[in-house]
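Here is the structure we will look at.
Protein chains: 2
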Amino acid sequence: MNLDNIIDNIYPLPDRSKALLKERIYEIAYPKATILFRANRIASKVYFIKKGIVRAYANQNEEEITFWFGKEGDAVISMKNYVEDQRGYETIELLEPCELYEIQTEDLRALYKNDIEVANWGRKFAEQELVKIEERFISRQCKVAVERYKELMNNDPDLLKRVQLVHIASYLGITPVSLSRIRAEFK
Amino acid sequence: MNLDNIIDNIYPLPDRSKALLKERIYEIAYPKATILFRANRIASKVYFIKKGIVRAYANQNEEEITFWFGKEGDAVISMKNYVEDQRGYETIELLEPCELYEIQTEDLRALYKNDIEVANWGRKFAEQELVKIEERFISRQCKVAVERYKELMNNDPDLLKRVQLVHIASYLGITPVSLSRIRAEFK
DNA sequence: ATAAGGAATTATCAAATGATAAGAAATGTC
DNA sequence: GACATTTCTTATCATTTGATAATTCCTTAT
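Going down the list, the sequences are from chains R and A. Letter by letter, the first sequence follows residues 0 to 186 of numbering that gives the first Met the number 0. Letter by letter, the second sequence follows residues 0 to 186 of numbering that gives the first Met the number 0.
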């Protein structure tokens, strides 16, 4: 996923503002299983995924609960870090070797302060992430695991192929055994 | 909850920008049971709660699933509306007679375009809402109903007193009967 | 090609939750 | 204050889900 597309999909920037932003963004590649963010640590970077797939999980009672998958075009970010300079609860792990776009949070903040276009880009960025998580939240709250599995099958069949069943099960809030039972019904 | 506090808690604005914003905000009161937003409708307003308590619910299989409570100081907003001009999935109902601060989405957007301070205020607003919903999401994903009930007891005991058990149960994702059983254990 | 290790499925049983209904408590109304 | 209505609790039973373990399937390395 191309950097210009990622930026423009959030909010189309005039050339000058876009140049300011792109000046601060670097490309970087990491191998599978790299940890991008670690729970309870301060991090100061924001990533966008050019290529690859990642998962975010939280530790709860000795268990890893997966609550998000990111793939091409998605932003990888520890919100508590980014927004409040506080320690995040999530660990983010690469499930495949990944190519990423990286920017320092402080660079982003400096741009927000000085360029109204970038400030509005940052606003749209937060707003879009907000809508995304709200949709996941509603789905989590209103639908049972089977329904959410079907939803995933429709919206992102690719993901089901690229990600291990344990993680999908955790994401759906059920055990891998339960997910297997659900799958067995659709044959 | 005072309007100045609400605004400043999001992001302290210089006087001039703050005046621009406040110029567009009106106070209004509604009786209990008023519907502020209706699912699948376009709305074009944003509210902040001065006094009172509200709930947001989505309709799922003939059932109302409560997924949010708002009280003094909280923003009442249909995100899909506000962000994307799309129909929201939520209905928002006043559980008490409420006093509200109201602003038109289009007025807010005009300010974002023209004032970098207000643009950054809007960014912080979205970011803070994002962190709030992320916390609820993680709690929903990682904790079972009992734990989340305890969490609610600690963080917002007031809410438990002001809101009916059916709604709390729905919010926790269990039946009222189940919630009663949970309550009975803490006596 | 085959062996070894990891991942997914299936089976069995125990535990937790839901549905339904009936009773107790609280709230509102006249 | 007493009745009616709503809300909450308790009880019983059926269903669903989880835990554990055994088996099958798939991937990878040599």
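Cβ atoms here follow ideal geometry from the backbone N, Cα and C, with glycine treated the same way.
Inter-residue spacing [alpha-carbon to alpha-carbon] between residue i and residue j
i	j	result
Val82(A)	Leu164(A)	32 angstroms
Glu105(A)	Ala55(A)	23 angstroms
Ile132(R)	Glu133(A)	7 angstroms
Leu20(R)	Val130(R)	23 angstroms
Gly69(A)	Ile137(A)	18 angstroms
Ile52(R)	Gly51(A)	44 angstroms
Glu146(A)	Phe66(A)	17 angstroms
Ile187(R)	Ile91(R)	Residue 187(R) falls outside the range modelled here, since chain R spans only 0 to 186, and no answer is possible.
Glu95(A)	Asp3(R)	48 angstroms
Pro156(R)	Val162(R)	10 angstroms
Arg40(R)	Met78(R)	12 angstroms
Arg15(A)	Thr33(A)	34 angstroms
Gly172(A)	Glu184(R)	25 angstroms
Leu151(A)	Glu150(R)	30 angstroms
His166(R)	Asn113(A)	45 angstroms
Lys160(A)	Asn153(A)	13 angstroms
Arg135(A)	Tyr170(R)	15 angstroms
Thr174(R)	Tyr10(R)	39 angstroms
Phe47(A)	Leu35(A)	12 angstroms
Tyr148(A)	Leu93(R)	33 angstroms
Contact list for residue i against chain A, beta-carbon separation under 9 angstroms
i	result
Val82(R)	Lys123, Glu126, Gln127, Leu129, Val130
Lys79(R)	Val130, Glu133, Glu134
Tyr111(R)	Ile115, Ala118, Asn119, Arg122
Proximal chain R residues relative to residue i, where beta-carbon distance stays under 8 angstroms
i	result
Arg135(A)	Phe136
Pro103(A)	Here the sequence assigns Gln to residue 103(A), which means Pro is not the residue at that position. Those within 8 angstroms of Gln103(A) in chain R number zero; the least Cβ separation is about 17 angstroms.
Gln59(A)	Cys141, Lys142
Short Cβ contact (7 angstroms threshold) for residue i with residue j
i	j	result
Ile115(R)	Ile24(R)	no
Glu98(A)	Ala28(A)	yes
Ala125(R)	Arg122(A)	yes
Ala118(R)	Asn8(A)	no
Gly87(A)	Met0(A)	no
Leu158(A)	Ala168(A)	no
Glu26(R)	Tyr100(R)	yes
Cys141(A)	Ile64(R)	yes
Neighbouring residues, chain A, relative to residue i (Cβ below 7 angstroms)
i	result
Ile64(R)	Gln140, Cys141
Ile115(R)	Ile115, Ala118
Residue of the options minimising C-alpha distance to residue i
i	options	result
Glu89(R)	Glu62(R), Leu2(R), Tyr10(R)	Glu62(R)
Ala6(A)	Gln140(A), Lys49(A), Leu171(A), Ile41(A)	This sequence places Ile at residue 6(A); Ala is not what is there. Selected option, being the one with the closest Cα: Lys49(A).
Arg139(A)	Leu12(R), Gln59(R), Lys17(R), Ile34(R)	Gln59(R)
Asp84(A)	Ser43(A), Leu93(A), Lys112(A)	Ser43(A)
Leu107(R)	Lys17(R), Leu171(R), Gly172(R)	Lys17(R)
Leu12(A)	Leu110(A), Leu93(A), Phe47(A), Phe36(A)	Leu110(A)
Asn80(R)	Lys160(R), Arg37(R), Ile173(R), Val176(R)	Arg37(R)
Val176(A)	Phe47(A), Asn113(A), Ala144(A), Asn153(A)	Ala144(A)
Buried/exposed call for residue i, threshold 16 Cβ in 10 Å
i	result
Lys31(R)	exposed
Ala57(R)	buried
Val45(R)	buried
Chain A residues whose Cβ lies nearer than 8 angstroms to that of residue i
i	result
Gly172(R)	Gln140
Contact set between residue i and chain R, taken where Cβ atoms lie within less than 7 angstroms
i	result
Tyr88(A)	Ile137
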